[in-house]
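Trainee:
Number of protein chains: 2
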Amino acid sequence: MKDRLWKEITAAKDRLGGVAHVTPTFTSSSLDQIAKSSVTFKAENLQLSGSFKFRGAYNALSAISEEARKKGIITHSSGNHGQALALAAKMLDERAFVIMPEDAPEVKRAAVAGYGALVVSCEPTQAAREEKTRETIEQTSAVFIDSHDDLHVIAGQATAAVELIEQSGPFDVILAPVGGGGLIAGTAIAASHLLDNARVIGCEPAGADDAYRSLAAGERVLDFVPRTIADGLRTPLGKLNFEIMQQLVDSIVLVSEEEILQAMRFVWERMKLIIEPSSAVAVAPLLSGKIGGKGERIGVILSGGNVDLDSFFSLFAKTSGSLSQS
Amino acid sequence: MKDRLWKEITAAKDRLGGVAHVTPTFTSSSLDQIAKSSVTFKAENLQLSGSFKFRGAYNALSAISEEARKKGIITHSSGNHGQALALAAKMLDERAFVIMPEDAPEVKRAAVAGYGALVVSCEPTQAAREEKTRETIEQTSAVFIDSHDDLHVIAGQATAAVELIEQSGPFDVILAPVGGGGLIAGTAIAASHLLDNARVIGCEPAGADDAYRSLAAGERVLDFVPRTIADGLRTPLGKLNFEIMQQLVDSIVLVSEEEILQAMRFVWERMKLIIEPSSAVAVAPLLSGKIGGKGERIGVILSGGNVDLDSFFSLFAKTSGSLSQS
Numbered sequence: 001m002k003d004r005l006w007k008e009i010t011a012a013k014d015r016l017g018g019v020a021h022v023t024p025t026f027t028s029s030s031l032d033q034i035a036k037s038s039v040t041f042k043a044e045n046l047q048l049s050g051s052f053k054f055r056g057a058y059n060a061l062s063a064i065s066e067e068a069r070k071k072g073i074i075t076h077s078s079g080n081h082g083q084a085l086a087l088a089a090k091m092l093d094e095r096a097f098v099i100m101p102e103d104a105p106e107v108k109r110a111a112v113a114g115y116g117a118l119v120v121s122c123e124p125t126q127a128a129r130e131e132k133t134r135e136t137i138e139q140t141s142a143v144f145i146d147s148h149d150d151l152h153v154i155a156g157q158a159t160a161a162v163e164l165i166e167q168s169g170p171f172d173v174i175l176a177p178v179g180g181g182g183l184i185a186g187t188a189i190a191a192s193h194l195l196d197n198a199r200v201i202g203c204e205p206a207g208a209d210d211a212y213r214s215l216a217a218g219e220r221v222l223d224f225v226p227r228t229i230a231d232g233l234r235t236p237l238g239k240l241n242f243e244i245m246q247q248l249v250d251s252i253v254l255v256s257e258e259e260i261l262q263a264m265r266f267v268w269e270r271m272k273l274i275i276e277p278s279s280a281v282a283v284a285p286l287l288s289g290k291i292g293g294k295g296e297r298i299g300v301i302l303s304g305g306n307v308d309l310d311s312f313f314s315l316f317a318k319t320s321g322s323l324s325q326s
Numbered sequence: 327m328k329d330r331l332w333k334e335i336t337a338a339k340d341r342l343g344g345v346a347h348v349t350p351t352f353t354s355s356s357l358d359q360i361a362k363s364s365v366t367f368k369a370e371n372l373q374l375s376g377s378f379k380f381r382g383a384y385n386a387l388s389a390i391s392e393e394a395r396k397k398g399i400i401t402h403s404s405g406n407h408g409q410a411l412a413l414a415a416k417m418l419d420e421r422a423f424v425i426m427p428e429d430a431p432e433v434k435r436a437a438v439a440g441y442g443a444l445v446v447s448c449e450p451t452q453a454a455r456e457e458k459t460r461e462t463i464e465q466t467s468a469v470f471i472d473s474h475d476d477l478h479v480i481a482g483q484a485t486a487a488v489e490l491i492e493q494s495g496p497f498d499v500i501l502a503p504v505g506g507g508g509l510i511a512g513t514a515i516a517a518s519h520l521l522d523n524a525r526v527i528g529c530e531p532a533g534a535d536d537a538y539r540s541l542a543a544g545e546r547v548l549d550f551v552p553r554t555i556a557d558g559l560r561t562p563l564g565k566l567n568f569e570i571m572q573q574l575v576d577s578i579v580l581v582s583e584e585e586i587l588q589a590m591r592f593v594w595e596r597m598k599l600i601i602e603p604s605s606a607v608a609v610a611p612l613l614s615g616k617i618g619g620k621g622e623r624i625g626v627i628l629s630g631g632n633v634d635l636d637s638f639f640s641l642f643a644k645t646s647g648s649l650s651q652s
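Protein chains in written order, with this note's numbering: chain B, 1 to 326; chain Z, 327 to 652.
Structure (structure tokens):
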């Protein structure tokens with residue numbers, strides 16, 4: 001499995017060459033001081049479509065024959081995968097259908113439509129998404145591409161870690177947020193091939209700790225109601241993703257909602273990068289002391305930057321006293 | 327003059343090599359569509375100290391002999407030059423005194439102090455700044471480094487445009503904001519040496535249009551009260567800066583406060599980069615159609631990212647309806 005996936009990662013890197021951005025890496029001396037570590041950030045918020053998801057979506061779409069995808073492609077997504085697939089479809093001149101929950105951030109919905117995809121709304125539950133997707137496939141015969149539980153998607157997401165290691169490696173630890181598990185699974189495979197003895201640690205909101213509980217239980221925990229501002233991480237863990245994580249992920253660290261907001265603000269203010277709450281989940285453990293303190297070389301994947309700014313302006317304006325770093 | 331300055335720019339580039347960040351450049355397909363141009367942004371908001379000012383400050387400080395600077399260095403600054411000089415002094419192990427107006431953003435004041443410089447407050451007028459600076463020099467014998475009206479500062483700032491042209495040139499037009507004129511003067515000299523027939527256009531808030539009026543009058547307009555949110559551009563034009571601008575700057579474009587805020591929001595939301603209002607002044611003409619529309623290659627220097635986030639969260643939360651792009 002690991003070797004097959006590594007082969008897929010190499011193929012993904014070829015397909016994405018000259019298409020996806022080779023996003024820059026950043027360091028922050030003030031963060032290094034706080035975390036007593038040497039931290040490098042991979043800025044996938046600057047990736048096409050505003051998140052790492054473009055890598056997996058474009059790779060999966062390119063891996064389908066033109067003949068097979070001529071009826072269009074379809075997915076369900078809370079946002080970033082939908083944007084990514086819509087953009088990939090536009091670049092490859094295909095039709096895209098994106099099933100989105102009604103409570104997805106408006107900025108993400110507008111972006112999907114802006115890339116020319118047809119947005120189909122559904123109730124904000126996993127069951128409703130899947131049902132609406134089945135209905136739409138019946139009507140259109142479009143090909144389904146899952147946001148995370150897909151070999152080509154995982155291989156595409158892995159290329160972010162491969163680049164990070166090429167640009168700024170080696171690392172002792174790599175941190176990435178965990179939603180459906182596409183990024184963390186890809187990152188873990190990349191790290192296991194390219195680094196010696198590195199720990200890959202998944203980062204989850206305490207309010208959506210299904211990966212944490214799944215790894216502890218030895219089986220996927222699927223019946224949970226996520227409660228977190230990190231809208232990209234509300235997805236249940238995929239089957240293939242969980243299998244890879246069981247083998248290759250060292251541990252999961254949990255962070256609170258307050259820690260997520262503080263980390264998001266830190267990166268906006270100090271590093272001048274707009275990241276979304278899901279990205280901040282992988283920064284928060286460094287600020288709160290849950291990770292770090294030993295002078296290790298730590299790589300962090302900043303997964304995306306698609307934020308509904310209006311809602312955060314209101315939130316931060318209300319709570320600026322307690323969240324201020326200065 | 328031009329040749330001497332080019333020699334100083336080459337020397338500055340050597341001094342800054344391996345010290346300053348070679349900041350990345352960015353493009354935005356949505357901006358290109360709006361501006362009907364091919365635009366490249368130089369992200370000096372990601373420079374050390376959070377703005378291009380580090381280049382000039384470090385270069386000027388390095389150009390002084392260790393003997394001459396052993397009593398410390400001093401400047402007056404509304405913010406970014408102060409931060410930059412404080413950091414440069416820290417890196418070169420020198421004492422720094424920074425005279426700051428009382429109304430400077432708190433985040434900038436905290437950053438100057440954070441780099442270990444002594445912050446001395448004064449009334450928010452040019453006369454008060456200069457008087458307080460004279461007083462402090464008498465007490466300390468520190469060496470004064472002006473924020474803009476200084477050959478070494480101009481040469482340092484010029485290295486941002488030199489890099490931009492090396493990374494992504496050639497260009498038909500280069501845009502940069504105008505405050506005291508250090509960045510625009512350096513940019514104009516760099517462009518005149520490295521580009522054929524490029525126009526260098528300065529960008530100013532209509533509420534601080536002293537460069538616009540000075541070029542029209544043929545002499546520096548110094549008696550004005552700046553009224554703009556772009557706190558980095560409230561400085562009067564320097565003497566040397568004006569001379570260079572008269573020879574090498576094509577024109578000045580003016581933008582409104584509303585245009586500045588819209589441009590700032592555009593870059594935050596679409597490009598995922600935190601820029602300060604002064605930087606947005608050089609983006610606004612592309613969004614409003616004052617520049618562009620001809621398919622030209624345009625370089626834009628995003629000058630800095632030091633924002634008092636709290637004040638903008640409140641401002642944007644209040645006005646999000648009228649400023650929203652989505």
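We put the CB at the ideal spot given by N, CA and C, even for glycine.
1) Indicate whether THR136(B) and PHE97(B) have their beta-carbon atoms separated by less than 9 Å.
2) Whole alpha helix (DSSP H) runs in the region 169-204 of chain B with 4 or more residues, listed along the chain?
3) Would a check of beta-carbon distances place VAL307(B) closer than 9 Å to chain Z?
4) Just to confirm before moving on: does the CB-CB distance between ILE277(Z) and VAL526(Z) stay below 9 Å?
5) With 9 Å as the threshold, decide whether the Cβ of LYS42(B) is near any Cβ in chain Z.
6) Can you tell me whether ASP348(Z) is buried or exposed, with buried defined as 16 or more other CB within 10 angstroms of its CB?
7) Tell me the DSSP secondary structure of ILE137(B) in three-state form.
8) GLY558(Z) to PHE242(B), Cα distance in whole Å?
9) Taking the continuous beta strand (DSSP E) assigned at ALA96(B), which residues delimit it?
10) Which bits of chain B does GLU595(Z) rub up against, with CB to CB less than 8 Å?
11) Measuring only between beta-carbons, confirm whether ARG213(B) sits less than 9 Å from chain Z.
12) When the Cα atoms are used, what is the spatial distance from LEU574(Z) to GLU66(B)?
13) Against chain B, which members of the region 368-388 of chain Z pass a CB distance test of less than 7 Å?
14) Output yes or no for whether 9 Å exceeds the beta carbon distance between GLY564(Z) and GLY508(Z).
15) Around the C-beta of SER326(B), are 16 or more other C-beta atoms found within 10 angstroms, so that it is buried, or is it exposed?
16) Using a 10 Å radius around the Cβ and a threshold of 16 neighbouring Cβ atoms, would you call ALA453(Z) buried or exposed?
17) Could you list which residues in chain B have their beta carbon closer than 7 Å to that of ALA643(Z), in chain order?
18) Measuring only between beta-carbons, confirm whether PRO350(Z) sits less than 9 Å from chain B.
19) Do LEU374(Z) and LEU413(Z) have their C-beta atoms closer together than 9 Å?
20) Is it true that the CB of SER279(B) sits closer than 9 Å to the CB of GLU44(B)?
21) Tell me the start and end of each unbroken beta strand (DSSP E) in the region 327-377 of chain Z that is at least 3 residues and wholly inside, in chain order.
22) Tell me which residue opens and which closes the alpha helix (DSSP H) that LEU302(B) is part of.
23) Give a yes or no on whether the minimum CB-CB distance between ALA430(Z) and chain C is below 9 Å.
24) Assuming LEU302(B) contacts LYS42(B) (C-beta within less than 8 Å), just tell me the rounded distance between them.
25) Measuring only the C-alpha atoms, how far is GLU163(B) from GLU492(Z)?
26) Any beta-carbon of chain Z closer than 9 Å to the one on SER324(B)?
27) With C-beta atoms as the reference, is ILE145(B) less than 9 Å away from CYS122(B)?
28) Work out the CA separation of ALA537(Z) and GLY505(Z) for me, nearest whole Å.
29) Would you please verify whether the beta carbon of ARG341(Z) is less than 9 Å from any beta carbon of chain B?
30) Taking CB distances under 9 Å as the criterion, tell me whether ARG591(Z) reaches chain B.
31) Can at least three beta-carbon pairs, one atom from the region 273-287 of chain B and one from the region 184-203 of chain B, be found at a separation below 8 Å?
32) Could you tell me the boundaries of the alpha helix (DSSP H) in which VAL446(Z) lies?
33) Under 8 Å by Cβ, that's how I've got THR554(Z) and GLY533(Z) pegged, so tell me the actual separation to the nearest angstrom.
34) Pull up the CB-CB distance for LEU342(Z) and ARG381(Z), whole angstroms please, since I reckon it's below 8 Å.
35) Answer with buried or exposed for THR401(Z), where buried requires no fewer than 16 other C-beta atoms within 10 angstroms of its C-beta.
Mentor: In short:
1) Locating residue 136(B) in the first sequence gives position 136, counting from the first residue. Locating residue 97(B) in the first sequence gives position 97, counting from the first residue. Result yes, Cβ atoms of THR136(B) and PHE97(B) sit closer than 9 Å.
2) 182-194
3) Mapped onto the first sequence, residue 307(B) falls at position 307. Yes, VAL307(B) lies at the interface with chain Z (some Cβ there is under 9 Å from its Cβ).
4) In the structure as shown, chain Z begins at 327 and stops at 652. Residue 277(Z) is therefore absent and cannot be evaluated.
5) Here the question's residue 42(B) lines up with position 42 in the first sequence. False, the Cβ-Cβ gap to chain Z never drops below 9 Å.
6) Taking the first residue of the second sequence as position 1, residue 348(Z) is located at position 22. Looking at the sequence provided, one finds Val at residue 348(Z) rather than Asp. Exposed, since its Cβ has fewer than 16 Cβ neighbours within 10 Å.
7) Position 137 of the first sequence, counted from the start, is the residue given in the question as residue 137(B). In the structure shown, ILE137(B) sits in a helix (DSSP, three-state: H, G or I).
8) As a position in the second sequence, residue 558(Z) is number 232, starting the count at 1. As a position in the first sequence, residue 242(B) is number 242, starting the count at 1. GLY558(Z) and PHE242(B): Cα-Cα distance of roughly 51 Å.
9) Looking up residue 96(B) in the first sequence gives position 96. Its beta strand (DSSP E) spans residues 96-101.
10) Counting from one through the second sequence, the residue named residue 595(Z) turns up at place 269. Under the 8 Å cutoff, chain B gives VAL107, ILE274, VAL307, LEU309.
11) By one-based count along the first sequence, residue 213(B) stands at place 213. False, the Cβ-Cβ gap to chain Z never drops below 9 Å.
12) Locating residue 574(Z) in the second sequence gives position 248, where the first residue counts as 1. Locating residue 66(B) in the first sequence gives position 66, where the first residue counts as 1. One C-alpha to the other measures close to 54 Å.
13) ASN371, LEU372, GLY376
14) Start at 1 with the first residue of the second sequence, and residue 564(Z) comes out as number 238. Start at 1 with the first residue of the second sequence, and residue 508(Z) comes out as number 182. Yes, these two residues count as a Cβ contact at 9 Å.
15) Here residue 326(B) refers to the residue found at position 326 of the first sequence. At SER326(B) the pLDDT is 33, less than 50, meaning the model places this residue with poor confidence; the figure from the coordinates comes in the next sentence. Exposed: under 16 other Cβ atoms inside 10 Å.
16) For this step, residue 453(Z) is matched to residue 127 along the second sequence. Per the 10 Å Cβ criterion, exposed.
17) By 1-based counting over the second sequence, the position of residue 643(Z) is 317. What ALA643(Z) touches in chain B: PHE313, SER314, ALA317.
18) Residue numbering aside, residue 350(Z) sits at position 24 when the second sequence is read from its first letter. Judged by the 9 Å Cβ criterion, PRO350(Z) is in contact with chain B.
19) Here residue 374(Z) corresponds to residue number 48 of the second sequence, with the count starting at 1. Here residue 413(Z) corresponds to residue number 87 of the second sequence, with the count starting at 1. Yes, they are a contact pair.
20) For the purposes of this step, residue 44(B) is taken as the residue at position 44 of the first sequence. For the purposes of this step, residue 279(B) is taken as the residue at position 279 of the first sequence. Yes, the Cβ-Cβ distance between GLU44(B) and SER279(B) is below 9 Å.
21) 364-369
22) Here residue 302(B) refers to the residue found at position 302 when the first sequence is read from its first residue. Where LEU302(B) is concerned, there is no enclosing alpha helix (DSSP H), although the beta strand (DSSP E) it sits in stretches over 297-302.
23) This model lacks chain C altogether; the protein chains it does include are B and Z.
24) Locating residue 302(B) in the first sequence gives position 302, counting from the first residue. Locating residue 42(B) in the first sequence gives position 42, counting from the first residue. Yes, they are in contact, since the Cβ atoms of LEU302(B) and LYS42(B) sit about 6 Å apart, within 8 Å.
25) Taking the first sequence and counting its residues from 1, one reaches residue 163(B) at position 163. Taking the second sequence and counting its residues from 1, one reaches residue 492(Z) at position 166. Using only the alpha carbons, I get a separation of about 24 Å.
26) Residue numbering aside, residue 324(B) sits at position 324 when the first sequence is read from its first letter. Unreliable placement is indicated for SER324(B), whose pLDDT of 39 sits below 50; the coordinate value is still reported in the next sentence. So yes, SER324(B) belongs to the interface.
27) Taking the first sequence and counting its residues from 1, one reaches residue 145(B) at position 145. Taking the first sequence and counting its residues from 1, one reaches residue 122(B) at position 122. Not in contact: ILE145(B) and CYS122(B) (Cβ atoms no closer than 9 Å).
28) Taking the first residue of the second sequence as position 1, residue 505(Z) is located at position 179. Taking the first residue of the second sequence as position 1, residue 537(Z) is located at position 211. Spanning the two alpha carbons is a distance of roughly 8 Å.
29) In the second sequence, the residue the question calls residue 341(Z) occupies position 15. No - not a single Cβ of chain B is within 9 Å of the one on ARG341(Z).
30) The residue you call residue 591(Z) lines up with position 265 of the second sequence. Yes - at least one Cβ of chain B is within 9 Å of the one on ARG591(Z).
31) yes
32) Numbered from its first residue, the second sequence carries residue 446(Z) at position 120. Here VAL446(Z) belongs to no alpha helix (DSSP H); instead the beta strand (DSSP E) covers 444-448.
33) In the second sequence, the residue the question calls residue 554(Z) occupies position 228. In the second sequence, the residue the question calls residue 533(Z) occupies position 207. The pair is a contact, with the Cβ atoms about 4 Å apart (cut-off 8 Å).
34) Within the second sequence, the letter at position 16 stands for residue 342(Z). Within the second sequence, the letter at position 55 stands for residue 381(Z). The pair is a contact, with the Cβ atoms about 6 Å apart (cut-off 8 Å).
35) To locate residue 401(Z), count along the second sequence from 1; it is residue 75. Flag for THR401(Z) reads buried.
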